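**Student:** After the C-alpha cells below, expect a handful of questions from me.
In my numbering, the protein residues as written are 22 to 544.
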C-alpha cells in the first residue's frame, strides 16, 4: 500500500519551527505553509527513492511494527471524542481557556464539523459492511422543539470471549437472568418524512428506508421491540410484517397506573400540598425547618409518584415543626393531609417501594425475556389486580405466542404448535447430530453398564437470549439527545443531529484509525 504524502513528509522531515521543515537526509530547509508540495518536490529532485526511505524510517522508529498515527490525527480524534461524548458545542474548541489549558492542536469549529460528518460517514459505511445478516429492531418516538423524531436501533448477539448469559454465581438464582452479549447499534435518528401524518404507514416507510440505507432486506429483521401503542401494534399486524414484541416497562407502567387509580384522590391531594410548597413563598417557609425541596408528580416520569410520596413522608415531620402563626398566615392548614390520609400514604409508600424495585430492574440493559417473565409473574402473584396487564396472554400483548415461545426457548422448554410457528425465524439453519459417549476399550462390563450416557440435545433454535424485553435503550438515547439538542442548538438540522448522535452511541465502530483514514482522503 502506498504511503500518503503526510506520512512520507512526517517520516523524512523534522519541524524547524512554524511552517519550516528540515530534510533528515540532506539537512536542507524548506517552507511549507499549506500542504506538502514544496517538500515532495524536494524529495523528487534530490531523493528519487523517497518512498523506500520513508518506509525504512518508519520501520526503524517502529521496531514492533505497530500501526502508529501522527500527533495531529490523535489530537483531532481526542477533540472530536471530547465534543460528541460530552455533548459540547462545536465552538468549544475555539474557547480561549480550552486552548490555553490543553496541549491539543488548534482547530476551528468549521473543521470540527467537517470531521464529524466525515467520521459519521465512515461509521455508516462500516455498519453497512459489518452489520449481521439477521438482527432485531428497537424503536421509539420522541418529540422535541415541535418535531417528532424516531430512533431505530439494531440489536444482535455480539458474542465476546468470557461473556454470556447469567452473571449470578449463587445456586439459588436462575442462570438466565442477564445477557452480557447483547449489542445495540444506532441505525437512524430522524423525523418522519411527513410529520403531519404520524400513522403506522409512515413509520413502516421509514423502517424500509433505513434498511435500504444499509443494504438489508426486510427478511434481515427477525423481530421488532417497541411500546405497545396502536401504531407499533398496527405494524406488527401487517401481512408478512416483522414480529412485534411489546415493551415490558411500558406494560408495567400501565399496570401500575391502573393499580393506583383507586388512590387518585390521595395522590392529587399530596401533589397539591407539594405544589403549594414549591412556590417562592412556600419554599421560603419550608426552608425555615428543612433544606429539602418538595417533589412533584410528573405524568411522563414513571418513578415520580414514588418520589413524591417518599418525599412527603420525609417532610411530614418538618411540617409539624411549623408554628401556628406561619400555618395560618399562608393558609397551609387546608392542604395538609389528615391523620387518616397520612396513614394511607405510609401504607401506599410500601407498595410503591416494591413496585419501584421492579421498575429499576426492568431498566437494566442486560435483562432477558425469561427473567422479565419471572419478574412480572411474581408481581401478578403479589398484586392480582395487575394480571390483566402483565399476564403472558394479556390483551395488550400483540403476539403472545412469540413472547412465550422465546421465553421457553431460553429456558429449554418444549413449544406448542402456535409458538413453533411464531418462532420459526429463530430456528437454527444447521442442527448437530445426536451422539453418545462410547465406552472405553479397556473399561469393565460393569462400569460400562452403569455409566450415565451423556446425550446432547438437538439444537433447534439459535441463541435468543439477546432479544431485549424492553425498548429502554431508546429512552436512554433520548435522555442523551435532550442534552445535545438544547434550546441554544435548535437551529441544527436533522441530518447533523443524527450524525452527532451516531458517534457516541456507535463507539465500537470507530477509533483513531478512522480519523487517519479521513485525513488521508483529504490530502
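Each residue gets a CB set at the ideal place from its N, CA and C atoms; glycine is no exception. Source: prediction; values computed, not measured.
Determine the contact status of residue 224 and residue 160, defining contact as a CB-CB distance below 9 angstroms.
**Tutor:** Yes; because the gap between Cβ atoms is below 9 angstroms, this pair is in contact.
**Student:** Which residues in the same chain have their Cβ closer than 7 angstroms to the Cβ of residue 274, if we skip the five residues on either side of it in sequence?
**Tutor:** Excluding sequence neighbours, residue 274 sits near 323.
**Student:** Just mark residue 146 as buried or exposed, buried being the case when its beta carbon has 16 or more other beta carbons within 10 Å.
**Tutor:** Result: exposed.
**Student:** For residue 319, which three-state DSSP category applies?
**Tutor:** It is coil, neither helix nor strand.
**Student:** Once the 5 residues before and after residue 153 are set aside, which same chain residues still bring their CB inside 6 angstroms of it?
**Tutor:** So the list reads 177, once near-sequence residues are dropped.
**Student:** So, under 8 angstroms CB-CB, residue 74 and residue 50 are touching, yes? Tell me the CB distance rounded to an integer number of Å.
**Tutor:** No, residue 74 and residue 50 are not in contact; Cβ-Cβ is about 18 angstroms, not under 8 angstroms.
**Student:** Extract the residue ranges of the alpha helix (DSSP H) inside the stretch 96–165, only unbroken runs of 4 or more that lie entirely within it.
**Tutor:** Runs of the alpha helix (DSSP H) inside the stretch 96–165: 117–122 and 130–151.
**Student:** Three or more beta-carbon pairs under 8 angstroms between the stretch 300–309 and the stretch 395–412, yes or no?
**Tutor:** No: the two stretches stay apart, fewer than three of their Cβ pairs being nearer than 8 angstroms.
**Student:** So residue 36 is in the beta strand (DSSP E); what residue range does that whole segment cover?
**Tutor:** Residues 34–38.
**Student:** Sorted by chain position, which residues of the same chain lie with C-beta nearer than 6 angstroms to residue 48's C-beta, five sequence neighbours on each side aside?
**Tutor:** Answer for residue 48: no residue qualifies.
**Student:** When DSSP labels each residue in this structure, what does residue 420 get in the three-state scheme?
**Tutor:** Residue state, collapsed to three classes: coil.
**Student:** Across which residues does DSSP place residue 199 in a beta bridge pair?
**Tutor:** 388.
**Student:** State the CB to CB distance for the pair residue 291 and residue 348, rounded to an integer number of angstroms; the pair is presumed to be in contact (CB under 8 angstroms).
**Tutor:** No, residue 291 and residue 348 are not in contact; Cβ-Cβ is about 18 angstroms, not under 8 angstroms.
**Student:** Spatial neighbours of residue 57 within its chain, please: C-beta separation below 6 angstroms, excluding the five flanking residues on both sides.
**Tutor:** So the qualifying residues of the chain are 26 and 30.
**Student:** Count the other CB atoms, across all protein chains shown, that sit within 10 Å of the CB of residue 520; report buried if there are 16 or more and exposed otherwise.
**Tutor:** Buried, by the Cβ-count rule.
**Student:** Should the stretch 104–116 be called in touch with the stretch 519–536, which here means at least 3 C-beta pairs below 8 angstroms?
**Tutor:** Verdict: yes, contact present.
**Student:** Spatial neighbours of residue 294 within its chain, please: CB distance less than 6 angstroms, with the 5 preceding and 5 following residues excluded, ordered by chain position.
**Tutor:** Closer than 6 angstroms at Cβ, skipping near neighbours: 356.
**Student:** Can you tell me which of the three DSSP states residue 442 falls into?
**Tutor:** Correct three-state label for residue 442: helix.
**Student:** Residue 265 lies in the beta strand (DSSP E); which residues open and close that run?
**Tutor:** Residues 265–267.
**Student:** Considering only residues of the same chain and omitting the five flanking positions on each side of residue 510, which have a CB-CB separation below 8 angstroms?
**Tutor:** Correct list, in chain order: 110.
**Student:** On a Cα-Cα basis, can you pick out the residue from 430, 426, 449 and 432 that is closest to residue 439?
**Tutor:** Minimum Cα distance to residue 439 is reached at 426.
**Student:** So for residue 490, helix, strand or coil by DSSP?
**Tutor:** Three-state result, residue 490: coil.
**Student:** Out of 94, 412 and 69, point me to the one whose CA is closest to residue 393's CA.
**Tutor:** Answer by Cα proximity: 412.
**Student:** By DSSP, does residue 50 sit in helix, in strand, or in coil?
**Tutor:** In this structure, residue 50 counts as strand in the three-state DSSP scheme.
**Student:** How would you label residue 195, buried or exposed, when you count the other beta carbons within 10 angstroms and need 16 or more for buried?
**Tutor:** Exposed is the call here.
**Student:** Closer than 6 angstroms by C-beta to residue 326: which residues in its own chain qualify, once you throw out the five before and the five after it? Chain order, please.
**Tutor:** So the list reads 318, once near-sequence residues are dropped.
**Student:** Just to confirm, are residue 94 and residue 540 a CB contact at a threshold of 9 angstroms?
**Tutor:** Result yes, Cβ atoms of residue 94 and residue 540 sit closer than 9 angstroms.
**Student:** Opposite residue 211 in the DSSP bridges: which residues?
**Tutor:** Paired residues: 171.
**Student:** Whole angstroms is fine: what's the gap from residue 316's alpha carbon to residue 328's?
**Tutor:** Distance between the alpha carbons of residue 316 and residue 328: 7 angstroms.
**Student:** Should residue 163 go down as buried or exposed, given a rule of 16 or more other Cβ atoms within 10 Å for buried?
**Tutor:** By the neighbour-count rule (16 or more Cβ atoms within 10 Å), residue 163 is buried.
**Student:** Touch check for the stretch 110–119 and the stretch 479–497: three-plus C-beta pairs under 8 angstroms?
**Tutor:** Contact between the stretch 110–119 and the stretch 479–497 is absent, because fewer than three Cβ pairs lie under 8 angstroms.
**Student:** So which of 416, 386, 384 and 379 has the shortest CA-CA distance to residue 398?
**Tutor:** Comparing Cα positions, the closest option is 379.
**Student:** Taking 9 angstroms as the cut-off, decide whether the C-beta atoms of residue 208 and residue 158 are in contact.
**Tutor:** Yes, Cβ-Cβ distance for residue 208 and residue 158 is below 9 angstroms.
**Student:** Would residue 382 pass as a contact of residue 388 if the rule is Cβ separation under 9 angstroms?
**Tutor:** Closer than 9 angstroms, so yes.
**Student:** Going by CA-CA distance only, name the one from 149, 166 and 64 that's closest to residue 236.
**Tutor:** Among 149, 166 and 64, the Cα nearest to that of residue 236 belongs to 149.
**Student:** Decide if residue 535 is buried, meaning its Cβ has at least 16 other Cβ atoms within 10 Å, or exposed.
**Tutor:** Looking at its Cβ environment, which holds 16 or more other Cβ atoms inside 10 Å, residue 535 is buried.
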